[in-house]
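Chemist: I am attaching a structure below and will ask some questions about it afterwards.
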């Protein structure tokens, strides 16, 4: 099947080339200085498939179709909602597989125009349901992951077996671009602080990367650091009352030995969109980190300054949790009372990952995908942490509470 763009859309007297998505036709027309053109000046490339999805429609934006049919696995998660919103704004058609109640993903219908957002039930361990969800797609984004283990889905099953299934079916169905989410600090032998043998989360994320590379060598792998934003599990994890001991805050060695480089979720979503269009991204691994590095203890102090909980009345103070056995009993109780959904996801595994310093290995970053400038924490911290403010119902006068100074940063070594 051949297709030619309407010449009326090409400017006269200049070279105009249509830069389209991977599955779309790329046609260029070259005009001479006097505006004339010959048959040899028109380059026509055959479409890779004859489906209507391979033809762009509209002038761009939400109400157009840009040629991308994207299956987003894990769309109802924190990062997934932002990724879907960014893709819907540029006219992508979204296929959003879900499991469980069909009302869970319903609000994602609004991220795209009418008829552009489609839902299908699936199970990540059922290969036929994966085939169905990827059948018409030219891009797949795999955001499936878990912060804690459950009876049916342990870390190995989610991060390795499911990742392999997704990559295998994506290759089988002819998907042209696969973006797989791993984790920063993923390692075959992660460091050990609290748990013997280190974090199983980080180890299985590393094994998942190897599985994806075996099945789909051209996959783009994202390794995000702690991601913050609306409804995150970083800022809110540290702001929740369950993470504290009354007004005191327990951290391993007071948090002075750990360096974190958290990244804003909007920047992560922007990186996903840019990676789809980036011609040289195939087969690369990206370290998705923010623009600043912080000592964890200093960063948590800053969160409490933003929440107005650093004064003498509140009595906030960091201390070394190694000398507080009652806090360890609290974690054990939290894991036992509700293993399917621990309060604030506070588990031994989470505590272990909290004590792993964000280490960079010189791989490409968001800036290499054209996402710049990156959002800094102090730009949005007051908004993100507003629900946790002390005296939150006090009717404050303008500028009554001074904006706290940002935490000191650590120079990258």
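Residue numbers (full-length UniProt numbering): 1 to 413.
Think of the CB as a built atom: it goes at the ideal place given N, C-alpha and C, for glycine as much as any other residue.
Computed from a predicted structure; not experimentally measured.
1. By a C-beta neighbour count over all protein chains shown, 10 Å radius and 16 as the cutoff for buried, is residue 71 buried or exposed?
2. Any idea if residue 151 is buried or exposed, counting beta-carbon neighbours within 10 angstroms, 16 or more meaning buried?
3. Taking a contact to mean a Cβ-Cβ separation below 8 Å, would you say residue 131 touches residue 108 in this structure?
4. Between residue 309 and residue 302, is the Cβ-Cβ spacing less than 8 Å?
5. How close, in whole Å, do the beta carbons of residue 267 and residue 371 come, if the pair is a contact with beta carbons under 8 Å?
6. Would you call the stretch 358-370 and the stretch 262-277 in contact, with 3 or more CB pairs under 8 Å?
7. Mind pulling the beta strand (DSSP E) runs of 3 or more residues that sit fully within the stretch 69-111?
8. Classify residue 183 as buried or exposed, calling it buried when 16 or more other Cβ atoms lie within 10 Å of its own Cβ.
9. Please state the DSSP three-state secondary structure of residue 285.
10. How would you label residue 400, buried or exposed, when you count the other beta carbons within 10 angstroms and need 16 or more for buried?
11. Determine the extent of the alpha helix (DSSP H) in which residue 304 is found, giving its start and end residues.
12. Per DSSP, what kind of secondary structure is residue 314 in: helix, strand or coil?
13. Run the CB neighbour count on residue 414, radius 10 Å, all protein chains shown included, and call it buried at 16 or more, exposed below.
14. How would you write the range of the beta strand (DSSP E) that residue 120 sits in, first residue to last?
15. Per DSSP, which one or two residues make a beta bridge with residue 221?
16. Is residue 128 helix, strand or coil by DSSP?
17. Could you say which of 345, 63, 261, 112 lies nearest to residue 225 if we only look at CA atoms?
18. Just reading off the alpha helix (DSSP H) that residue 277 is part of, what are its end residues?
19. From which residue to which residue does the alpha helix (DSSP H) around residue 162 run?
20. Exposed or buried, what is residue 138 when buried is set at 16 or more other beta-carbons lying within 10 Å of its beta-carbon?
21. Taking 8 Å as the threshold, find out whether the stretch 348-363 comes into contact with the stretch 376-391 through three or more Cβ pairs.
22. Nearest to residue 90 by alpha carbon, out of 117, 337, 202, 75?
23. Mind checking who residue 142 pairs with in its DSSP beta bridge?
24. Could you pull out every residue in the same chain whose Cβ sits closer than 8 Å to the Cβ of residue 421, ignoring the five residues on either side in sequence?
25. Quick check: the Cα distance between residue 134 and residue 166, rounded to an integer number of angstroms?
26. Given residue 207, which residues of its chain have a CB within under 6 Å of its CB, disregarding the five upstream and five downstream residues?
27. Tell me the rounded alpha-carbon separation between residue 145 and residue 73.
Modeler: Result, derived from the coordinates:
1. buried
2. exposed
3. no
4. no
5. 5 Å
6. yes
7. 69-73, 93-98
8. buried
9. strand
10. exposed
11. 296-306
12. coil
13. Summary: the structure shown does not reach residue 414, with the chain confined to residues 1 through 413, and so no result is reported for it.
14. 117-121
15. 180, 285
16. helix
17. 261
18. 265-277
19. 162-172
20. buried
21. no
22. 117
23. 73, 180
24. Missing from the structure shown is residue 421; the chain here goes from 1 to 413 and no further.
25. 9 Å
26. 160
27. 10 Å
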